[in-house]
Every structure is written in structure tokens, then in C-alpha cells.
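Colleague: In UniProt numbering, the protein residues as written are 1 to 285.
Okay, here's the structure, questions in a sec.
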Amino acid sequence: MEEYGKETQSRESKRRERQAALESSDTDNGLCGWIIVGLSILLMLATLPLSIWMCIKIVKEYERAIIFRLGRIVRGGAKGPGLFFILPCTDSFINVDMRTITFDIPPQEVLTKDSVTVSVDGVVYYRVQNATLAVANITNADAATRLLAQTTLRNVLGTKNLAEILSDRNEIAHSMQSTLDDATDDWGIKVERVEIKDVKLPQQLQRAMAAEAEASREARAKVIAAEGEVNASRALKEASLVIAESPSGLQLRYLQTLSTIAAEKNSTIIFPLPMDMMQAFMKRD
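This is how it looks when you write it as C-alpha cells:
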């Protein structure tokens with residue numbers, strides 16, 4: 001946690017340094033720039049109150065405005081929400097949406113570490129954390145983040161086995177989020193969440209996995225049945241030892257069996273013959 005906190009502070013300080021370097025002061029415009037700005041102010045004052053409608057701008061609660069004066073970002077960073085003023089002729093501005101943006105990663109054909117081709121798609125949640133960097137450091141932050149998410153998905157899944165992809169989706173999503181967040185930090189983008197939506201396997205692989213699972217279940221069923229036979233044999237052995245100690249117990253068991261057969265309205269009656277009697281006849285022969 002301490003290392004993560006130090007890393008976050010370091011990234012935040014670097015982000016501030018980059019933003020400060022982008023936000024140039026009015027003195028950087030030089031003498032010519034000061035003259036043009038002064039003329040713009042005089043023009044605004046001379047055309048009051050009509051010019052006030054051109055100078056007042058409004059941005060919504062979820063937006064920020066980046067003001068450019070003679071092509072340079074005005075000191076103070078993003079403006080808004082609410083009212084702000086610009087100078088006619090010299091100032092222009094760009095609105096940046098600060099809300100969380102969601103987009104789907106198109107299905108990507110990925111070759112896993114164990115040479116299995118799978119199709120994986122996902123969803124990414126991100127927002128603009130620093131409007132100044134999002135405007136000044138990259139042409140289109142949204143398109144760049146989408147392309148980077150597709151590439152990152154392929155790179156991360158290429159280092160995983162099929163079993164890991166199917167079972168460790170949360171770990172893969174966290175790894176993708178960390179990688180994307182580090183890569184988009186210079187763009188002023190904060191990746192909030194990444195989710196793996198679906199993993200599609202080839203039909204042949206699905207049939208093979210289903211056959212393997214069925215064979216595994218049948219093998220377990222046979223093992224369980226064999227264990228049941230062993231336990232039953234042990235129970236019968238113990239019962240025979242108990243009956244051998246008391247010969248009358250066998251007669252009681254016979255009567256109990258007859259009672260059970262009669263309860264089912266069965267006309268068949270079984271009379272067991274003792275094995276000793278059969279052995280006696282065999283000895284006479």
C-alpha cells in the first residue's frame with residue numbers, strides 16, 4: 001500500500017508539472033502578443049454592451065473549458081462549470097466532457113499461451129481526469145483509448161493459458177486496468193474499470209471439452225460405485241460374523257424377509273436351504 005501511495009503521489013506530481021509547462025503565462029506571448037491582447041480589450045470596451053454577449057460563455061456542470069489565447073493555454077487551467085469570459089478575436093476554447101465514458105472492446109481473436117484460439121471481448125470505463133492534458137497531449141483521447149484497450153487485451157491474454165482465461169477473469173481485468181491507466185496517464189485519462197464480458201471457444205474445442213468432462217464424470221461414478229461395493233461387502237462380512245455367533249439369528253432374518261415379501265402382496269415364497277444340508281447329500285454320494 002505504501003508503494004502504491006508513493007507511486008500515485010509521484011504520478012500526480014508529474015501530471016502537475018506537465019500541466020504547468022503547458023499553461024503558459026501571458027508574458028510568453030511577447031510584445032506583439034501584448035499589443036494584440038490590448039487591442040482586443042479596447043475593442044471589447046468600445047463595443048459594450050454588445051460585445052459582452054460574445055465574451056460570456058457557459059459550460060455545464062460536467063464540462064470544462066480549455067481557453068487558448070493566441071494559441072497558448074491560458075494560465076489557470078480548465079474553466080468551469082458556470083460562467084467564464086474570453087476576449088474576442090484572440091481567445092478560443094474547447095469543451096471537454098468530464099463524465100465517465102463506456103465503450104465495448106470488439107471481439108479479439110487471441111492465441112493463448114497453450115496455442116488455443118479464443119475470441120474475447122470486454123468493456124472499459126474511463127473518464128477525463130485532466131482536461132488540459134487531454135486536449136494538449138493527444139489528438140483524440142477517446143479513439144486512442146479504444147485502440148489501446150484492444151491492443152492491451154490481446155497482449156495480456158497472449159500470456160495466459162486457456163484455463164487461466166476461463167477462471168481468472170478478475171485478475172486479467174485488473175491487469176488490463178493497471179496497464180491502461182499507466183499508458184493513458186500522460187493523456188489525462190483515468191481508467192476506472194475493465195471487465196471481460198465473454199470468452200468464445202471454437203466448436204471443436206467445446207465438443208472436446210464436453211467429452212472430457214463427461215468421461216471424467218463417468219470415471220468418478222464408477223469409482224464411487226466400486227467404493228460402495230467395498231463398503232457393502234464389509235458390512236455383509238460383519239453381519240455374517242454376528243449371525244455365526246447366534247444361529248437363531250438366521251431364522252429370525254428369514255422370517256423378517258418373508259414378512260417383507262407378504263406385505264407386497266406377492267404369492268411367491270422362497271425357502272432357503274441350508275448349505276450344511278446340501279453338503280451332507282454330497283458326502284453320501
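No residue lacks a Cβ here, since even glycine has one placed at the ideal position from N, Cα and C.
Please report the straight-line C-alpha distance between Ala143 and Glu195, rounded to a whole angstrom.
Modeller: Near 19 angstroms, if we compare the C-alpha coordinates of Glu195 and Ala143.
Colleague: For Asn130, is the classification buried or exposed, using 16 other Cβ atoms within 10 angstroms of its Cβ as the cut-off for buried?
Modeller: Flag for Asn130 reads buried.
Colleague: Is it true that the segment 156–167 meets the segment 73–91, where meeting means three or more beta-carbon pairs spaced less than 8 angstroms apart?
Modeller: Touching, no.
Colleague: DSSP three-state label for Val92, please.
Modeller: For the record, residue 92 in the displayed sequence is Ser; it is not Val. Three-state result, Ser92: strand.
Colleague: For the 8 angstroms Cβ check, are there 3 or more pairs between the segment 30–38 and the segment 68–76?
Modeller: Cβ pair count under 8 angstroms is three or more, so yes.
Colleague: Tell me which same chain residues have a C-beta within less than 7 angstroms of the C-beta of Arg193, skipping the five on either side of it?
Modeller: Hits under 7 angstroms: Tyr125 and Gln177.
Colleague: For Ala78, name the three-state secondary structure that DSSP assigns.
Modeller: DSSP places Ala78 in coil when its eight states are reduced to three.
Colleague: Going straight from the alpha carbon of Leu43 to that of Asp182, what length do you get?
Modeller: Approximately 46 angstroms, taken between the alpha carbons.
Colleague: According to DSSP, is residue 305 helix, strand or coil?
Modeller: It is not possible to answer for residue 305, since the shown part of the chain is limited to 1 through 285.
Colleague: Can you tell which of Asp168, Thr112 and Gln150 has its C-alpha closest to the C-alpha of Leu157?
Modeller: Ranking the options by Cα distance to Leu157, first place goes to Thr112.
Colleague: Taking DSSP's pairing of strands, which residues face Ser119 in a bridge?
Modeller: Ser119 pairs with Glu109 and Lys200.
Colleague: Judging by CA-CA distance, which residue of Pro106, Leu258, Pro88 and Ile94 is the nearest neighbour of Val59?
Modeller: Val59 has its Cα closest to that of Ile94, out of Pro106, Leu258, Pro88 and Ile94.
Colleague: Using the Cα positions of Trp187 and Ala210, report the straight-line distance between them to the nearest angstrom.
Modeller: Going by the C-alpha atoms only, they are around 46 angstroms apart.
Colleague: Rank Ser233, Thr152, Val118 and Lys57 by C-alpha distance to the C-alpha of Leu205 and give the top, closest one.
Modeller: Minimum Cα distance to Leu205 is reached at Val118.
Colleague: Taking the alpha carbon of Gln108 as the reference point, which residue from Lys237, Leu258, Gln150 and Arg207 has its own alpha carbon closest?
Modeller: That would be Gln150, whose Cα lies nearest to the Cα of Gln108.
Colleague: Grab the span of the beta strand (DSSP E) containing Glu63 for me, first residue to last.
Modeller: Glu63 to Arg69 is the span of the beta strand (DSSP E), which, as asked, contains Glu63.
Colleague: In this structure, does DSSP put Lys160 in helix, strand or coil?
Modeller: Coil.
Colleague: So, for Thr152: in the same chain, excluding its five sequence neighbours on each side, which residues have a beta-carbon less than 7 angstroms away from its beta-carbon?
Modeller: Excluding sequence neighbours, Thr152 sits near Met176, Thr179 and Leu180.
Colleague: Let's see if you can read the secondary structure: which residues bound the alpha helix (DSSP H) around Ile138?
Modeller: Per DSSP, Ile138 belongs to no alpha helix (DSSP H) and is neither H nor E.
Colleague: Quick one: using the 10 Å Cβ neighbour count with 16 as the cut-off for buried, is Asp198 buried or exposed?
Modeller: Classification for Asp198: exposed.
Colleague: Please state whether DSSP places Ile86 in a helix, a strand or coil.
Modeller: In this structure, Ile86 counts as coil in the three-state DSSP scheme.
Colleague: Measure the alpha-carbon distance for Asn137 versus Ile189 and round it to whole angstroms.
Modeller: Each residue's alpha carbon lies about 11 angstroms from the other.
Colleague: Since Cys55 and Leu87 should fall inside the 8 angstroms C-beta cutoff, what is the C-beta to C-beta distance between them, to a whole number of angstroms?
Modeller: The pair is a contact, with the Cβ atoms about 7 angstroms apart (cut-off 8 angstroms).
Colleague: Taking only the alpha-carbon atoms, compute the straight-line gap between Tyr254 and Val242 and give it to the nearest angstrom.
Modeller: So the alpha carbons of these two residues sit roughly 15 angstroms apart.
Colleague: Determine the DSSP secondary structure at Lys60, reduced to helix, strand or coil.
Modeller: Residue state, collapsed to three classes: coil.
Colleague: Please report how far the alpha carbon of Cys89 lies from the alpha carbon of Trp53, in whole angstroms.
Modeller: Cα to Cα, the separation comes out at about 14 angstroms.
Colleague: Does the CB of Gly30 have a neighbour CB from chain D at under 8 angstroms?
Modeller: In the displayed structure, chain D is absent; only one protein chain is listed.
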